[in-house]
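Below you'll find the structure, written out as structure tokens, and then a few comments.
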Amino acid sequence: MNWYAIRAIYRFEMARTFRTITQSIASPVLSTALYFVVFGAAIGSRMGEVDGVGYGAFIIPGLIMLSLLNESISNASFGIYMPKWSGTIYELLSAPVSFVEVIIGYVGAATTKSVLIGLLILVTARVFVPYEIEHPLWMAAFLVLTAVSFSLFGFIIGLWADDFQKLQVIPLMVVTPLTFLGGAFYSISMLPPVWQKITLFNPVVYLISGFRWSFYGVSDVNVAISVAAIAGFLALCLLAVWWIFRTGWKLKA
1 MNWYAIRAIY RFEMARTFRT ITQSIASPVL STALYFVVFG AAIGSRMGEV DGVGYGAFII
61 PGLIMLSLLN ESISNASFGI YMPKWSGTIY ELLSAPVSFV EVIIGYVGAA TTKSVLIGLL
121 ILVTARVFVP YEIEHPLWMA AFLVLTAVSF SLFGFIIGLW ADDFQKLQVI PLMVVTPLTF
181 LGGAFYSISM LPPVWQKITL FNPVVYLISG FRWSFYGVSD VNVAISVAAI AGFLALCLLA
241 VWWIFRTGWK LKA
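Residue numbers for the sequence shown follow UniProt numbering, so the first one is 1 and each next one is one higher.
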């Protein structure tokens, strides 16, 4: 394993993030802060509790998950697509770096950025809404596993995309709607029975439910199922990357 190459890719991606800190970090944190202002401080103060938790605090896990999924995908996909678009990918292709090392470098950087954003949102939420974290280790585990899984997913999208439009299709048309319909702002127990059953086919429900359980000890589905869901998605992404590597699908400009 060429750890020097991995470190070089990782440091380059992190340096790019801090060169564009307003767009990369400040923008998603401020956007999410607006949700806390509107739904947490304003509307939440006039609403009752949901599953024994104040509404402002109830939506925190869902909002963090909303940002985490989108940022993980966009960071990883944009990170590998930009060298393809600009032509600098040839520098990487000519270097003695394996495909596995490229994945570790790019996905590791995207995961780090996403986790950082999630933690910053968590700190920002404290300004507007009081909350407690009942299971901090599980919270960290859900945070990291989700970031790694969707960063791998984003890396695959970056390999597949051949224009900027394709980079945005899945995050905007699939992931964001599934997150909004996955219990980010409500408990699925509030839905009619038929819609409760339909909602269970939404995979994001299990991510948000497990993440919320780590905060307050309440969830819409069994936490073991949530852990299995995120572990299964991570395994699926790893299998997809392994297939790409085994079939010789190389990076192309």
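Beta carbons: idealized from backbone N, C-alpha and C, even for Gly.
{"Query": "Among Y10, M173, N70, nearest to I117 - alpha-carbon criterion", "Result": "N70"}
{"Query": "Among F155, A224, V218, L159, the one whose alpha carbon lies nearest that of Y186", "Result": "V218"}
{"Query": "Cβ-based burial, P28 [other Cβ within 10 Å; buried from 16]", "Result": "buried"}
{"Query": "Limits of the unbroken alpha helix (DSSP H) element including L238", "Result": "223-246"}
{"Query": "Distance CB(F36)-CB(G56) smaller than 9 Å", "Result": "yes"}
{"Query": "L143 vs L236 beta-carbon contact at 9 Å", "Result": "no"}
{"Query": "Cβ contact check for the segment 4-18 and the segment 102-122: 3 or more pairs under 8 Å", "Result": "yes"}
{"Query": "Length-filtered (4 minimum) alpha helix (DSSP H) runs lying within the segment 66-128", "Result": "89-94, 99-128"}
{"Query": "Cβ contact (3+ pairs, closer than 8 Å) linking the segment 69-83 and the segment 146-156", "Result": "yes"}
{"Query": "Sufficient close CB pairs (3 or more, under 8 Å) joining the segment 124-136 to the segment 82-99", "Result": "no"}
{"Query": "Beta-carbon spacing of P61, F155 below 9 Å", "Result": "no"}
{"Query": "Alpha carbon of I104 to alpha carbon of A140, nearest angstrom", "Result": "20 Å"}
{"Query": "Cβ neighbour criterion (16 or more within 10 Å) applied to E13", "Result": "buried"}
{"Query": "Neighbour-count burial assignment, D220, 16 or more Cβ in a 10 Å radius", "Result": "buried"}
{"Query": "Where the alpha helix (DSSP H) containing A140 begins and where it ends", "Result": "136-160"}
{"Query": "From S98, S94, T32, residue whose alpha carbon lies closest to that of R246", "Result": "S98"}
{"Query": "Run of the alpha helix (DSSP H) containing L34, from where it starts to where it stops", "Result": "27-35"}
{"Query": "Nearest neighbour of P136, chosen from E101, A147, F128, L122 [CA to CA]", "Result": "L122"}
{"Query": "Opening and closing residue of the alpha helix (DSSP H) in which F215 lies", "Result": "203-216"}
{"Query": "Cβ neighbours of V241 in the same chain (closer than 8 Å, five flanking residues each side left out)", "Result": "I103, L152, F155, I156"}
{"Query": "Assigned exposure category for L66 - 16 Cβ within 10 Å defines buried", "Result": "buried"}
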